[in-house]
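**Student:**
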Amino acid sequence: MTPGTVTGKDDAWWRSAVVYQIYPRSFADSDGDGIGDLDGITSRLDHLAELGVDVLWLSPVYPSPQDDNGYDISDYQDIDPVFGDLAAFDRLLAAVHGRGMRLIMDLVVNHTSDEHPWFRESRDPGSPKRDWYWWRPPRDGREPNNWGSFFSGPAWTRDPASGAYYLHLFSPKQPDLNWENPEVREAVYAMMRWWLERGVDGFRMDVINLVSKDPALPDGVLRGDGPYGDGSPSYVCGPRIHEYLREMHREVMARYPGRLLTVGEMPGVTVEQARLFTDPYRAELDMVFQFEHVGLDHGAHKFDPRPLRLTELKASLGRWQTGLADVGWNSLYWNNHDQPRVVSRFGDDGPRHRTRSATMLATVLHLHRGTPYVYQGEELGMANAPLRTIEDFRDIESLNHYAQALRAGAAPEDVLPGLRAMGRDNARTPMQWDASPQAGFTTGIPWLPVNPDHIEVNAAAAYADPGSVFHHYRRLIALRHSEPAVVHGDFTMLLPDDERVYAFTRHHGGTTLLVVGNFTGDTVTVDLPGGWEDAELLLGNGPSVPAEDGRTVLAPWEARVHRRIE
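The sequence shown begins at 1473 in the numbering used here and counts up one residue at a time.
See the structure below:
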C-alpha cells in the first residue's frame, strides 16, 4: 500500500511542526462588529510568524446559524458573512503561505446544521436525501432508542411534519449524517477535494470516530440514575470507521502525497485503536486527538471537577508515549476551544506564579514525542474567565447542563462552580492583544466580554518582556526545530510515583535530554539519575535553586531541560 500523505518516514514535515489553533470569533476583529474575522486573522499573522509556528488550524468559518458557534454548518463550500467571504479567505491563505506556514481547516462531517439544504430536503419522506440522515419512526410513541445527547437531553428530535425522529448526538440543530449511504461519503470527499484544490494543507476532523454507527441503533446500557442509555458502544469507533477513513484517504488525501496534515478528533479512543488509526501503512490518519488526560480531573461528569493527581497524568501520557512509540504518532495539547485554560486548570493563574506555571506546563508538554498544538492565548498565559452568573455564559453545552441540573432539583450555587471551572467559554474570551479597553480585539462591543486581566496579560506586554510566556513558547518551538532529539528521541518516564515532579528523558543518537517540571507552588527536592550534575541547561523558565547534597532542588513551578551528548 502506498502511504500517500500518511507517512512513516522520520522526516515527515508534521513531526517537527507546531500547530496553532485559531478560534476565529475571538482572535481579531477587523470591522468593529465585535466578532473576529478572516481579515483580522490576516492582520495578526506576524504574531504567529514571530512565535515560530508552522501550521494554523482554523476552527469553522463556514456559513452557520451559530447554534454551536460554527460547528453546525449550513454550507461546506463558502464563508459565513460574519467572518468575511471567499476572497478574504484566499487573502488569508496567500498570506499564511507567504510566511512559510500552512493552514488546515476544521472538517465537521459527523453532522450538519439542520439548516443545511441536505437536511431540509431530507425532511420530505419521499426525498432521495431522506437516507442522508438517521430518520426513524417512533417506538411506542417515543424516541427510537434511549440514547442521550452530548449536549444534554435525548439524542433524538421529532419532526412534526412526518412524525419521525432524527438522530443528533449533539444539538437538535446538528443532525447526524448517515455515512452508511455512499452518496453522503462522496459528497464529503468532493467537498474536501474542493478545499484542497483551493490550497488548504489538510484537515482537523471533528469527532471523526463517531461517523460509523451500528445501523441497528440499539438501546444503550443505563448508567447511574439518568434517563438515557450509553449509546457509545454503537457509535464510538463504530463497525466501519477504519473502512471509511481508508476510503477517505484513497479518494482525497492520496492525491496530495507528502503535502497534508490530517488529525482526527476522537473522543473515547484507546491507545490500541489509535495505533490502527495512525499506522502509516494502513493509510488512515497522521495522528489523533485523544481525551484521556483532559478527563483526569473529572468526577462523575465533566462539570464535577476534582483535583488532578500528577501520578495519574504521568500514567496516562506515559501510556500514550509508549503505545505509539513504534507505530503512529501523538498529538500533544493542553488547551483547545473545548477545554478550560490550562494555567487555571493545572497551574496557578495568580500574579505570583502565572508565568512560571504556564511555562512549566508548556515545557513538559512540548518535550514529549508528538506534534504540539498551541491554542490562541495559551502563549500569553491567558486564564479562565470570571464567569459569575449563568448570564455570563454563552456556550450551549454549559447552558444546557445548567438547565438540566436545575430541572433535576440542583441549586444554582451548586452547579455554577463546575461550569466556571470547566465551561468552554473560558477558552473563547477574546484574544488579549494589548491593555486597551477591549484588549485590541475590537473597536466595538465584543461578542464575549474580554477577561479583565488583559490589563496585565497581553501580547504587547509579552513582546517587551524577555521572560514572558510568549518568549518561552518561542524558545520551545525553536528547540523543536533545531534539536532532533525533541522530534525523534525515544521516551522514558522517570519518578512515576512522585506526586510533585514530572520527569522524563528523550534519547536520540548520542544525545539525551532530561526534562523536569515541578507541578507545585512549593520548593521541591528530588532524586534524579546521576550523571546530570554538569549537563548543559538547554532551557529553563527562571532562576534555579542550587542542588543540595547531590539532590536536585526545584523552585515552585520550575521547569528545566538538560542536554547530555555522549
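Even for Gly, the Cβ is constructed at its ideal location relative to N, Cα and C. Every value quoted in this text rests on a predicted model; they were computed, and no experiment measured them.
Hey, how far is the Cα of residue 1630 from the Cα of residue 1867?
**Tutor:** Their backbone Cα atoms lie some 24 Å apart in a straight line.
**Student:** Using DSSP bridges, identify the partner residues of residue 1658.
**Tutor:** Bridge partners of residue 1658: none, in fact.
**Student:** Taking 8 Å as the cut-off, does the stretch 1937-1948 touch the stretch 1829-1842 (at least 3 CB pairs, one atom from each stretch)?
**Tutor:** yes
**Student:** I want to know whether the stretch 1754-1769 touches the stretch 1693-1711 - three or more CB-CB distances under 8 Å.
**Tutor:** Judged by Cβ distances under 8 Å, the stretch 1754-1769 makes no contact with the stretch 1693-1711, as fewer than three pairs qualify.
**Student:** Could you give the uninterrupted runs of the alpha helix (DSSP H) lying entirely in the stretch 1762-1816, keeping only those of 4 residues or more?
**Tutor:** 1782-1795
**Student:** Pick out whichever of 1882, 1723, 1989, 1526 has its Cα sitting closest to the Cα of residue 1668.
**Tutor:** 1723
**Student:** Could you pull the start and end residues of the beta strand (DSSP E) that residue 2031 belongs to?
**Tutor:** 2031-2037
**Student:** How far does the beta strand (DSSP E) with residue 1978 in it extend, from its first residue to its last?
**Tutor:** 1973-1980
**Student:** Could you check what DSSP says for residue 1714 in three-state terms: helix, strand or coil?
**Tutor:** helix
**Student:** Roughly how many whole angstroms lie between the Cα atoms of residue 1840 and residue 1737?
**Tutor:** 19 Å
**Student:** Under a three-way DSSP split, which group does residue 1832 fall into?
**Tutor:** Residue 1832: helix per DSSP, three-state reduction.
**Student:** Taking Cβ positions, are residue 1521 and residue 1571 nearer each other than 8 Å?
**Tutor:** yes
**Student:** Which partner residues does residue 1628 have in the DSSP bridge list?
**Tutor:** 1639
**Student:** What did DSSP end up calling residue 1963 once you bin it into helix, strand or coil?
**Tutor:** strand
**Student:** Is it the case that the stretch 1675-1693 contacts the stretch 1578-1585, given that we only count it when at least three CB pairs across the two stretches are under 8 Å?
**Tutor:** yes
**Student:** Going by the CB atoms, is the gap between residue 1896 and residue 1928 shorter than 8 Å?
**Tutor:** Taking C-beta atoms as the reference points, residue 1928 and residue 1896 fail to come closer than 8 Å.
**Student:** Inspect the CB distances between the stretch 1612-1624 and the stretch 1511-1531 and report whether three or more fall short of 8 Å.
**Tutor:** By the Cβ test, the stretch 1612-1624 is not in contact with the stretch 1511-1531, since fewer than three Cβ pairs between them sit closer than 8 Å.
**Student:** Please report the straight-line C-alpha distance between residue 1480 and residue 1864, rounded to a whole angstrom.
**Tutor:** In this prediction, residue 1480 scores a pLDDT of 47, lower than 50, which makes its location untrustworthy; no coordinate-derived value is stated.
**Student:** Tell me the rounded alpha-carbon separation between residue 1524 and residue 1950.
**Tutor:** 7 Å
**Student:** Taking the straight line between their C-alpha atoms, what separation do you get for residue 1701 and residue 1967?
**Tutor:** 40 Å
**Student:** Would you list the residues sitting across from residue 1576 in a DSSP beta bridge?
**Tutor:** 1529
**Student:** Per DSSP, what kind of secondary structure is residue 1474 in: helix, strand or coil?
**Tutor:** With a pLDDT of 39 at residue 1474, under the threshold of 50, the modelled position of this residue cannot be trusted; read the value that follows with caution. Three-state result, residue 1474: coil.
**Student:** Strictly under 8 Å for the Cβ-Cβ distance: is residue 2026 near chain C by that measure?
**Tutor:** Among the chains of the structure shown, chain C does not appear; only one protein chain is present.
**Student:** Restricting to Cα atoms, I'd like to know which of 1590, 1487, 1981, 1744 is closest to residue 1730.
**Tutor:** When each option's Cα is compared against that of residue 1730, the closest is 1487.
**Student:** Just to confirm, is the Cβ distance from residue 1433 to residue 1930 under 8 Å?
**Tutor:** Within the shown structure, residues of the chain are numbered from 1473 to 2038, placing residue 1433 beyond reach of any answer.
**Student:** Considering only their Cβ atoms, is the gap separating residue 1605 from residue 1647 smaller than 8 Å?
**Tutor:** yes
**Student:** Relative to the C-alpha of residue 1497, which residue among 1878, 1921, 2023 is closest?
**Tutor:** 1921
**Student:** Inspect the beta-carbon positions of residue 1795 and residue 1743 and report whether they are closer than 8 Å.
**Tutor:** yes
**Student:** Under the DSSP definition of a beta bridge, which residues are partnered with residue 1583?
**Tutor:** 1648
**Student:** Could you compute how far the alpha carbon of residue 1792 sits from the alpha carbon of residue 1767?
**Tutor:** 15 Å
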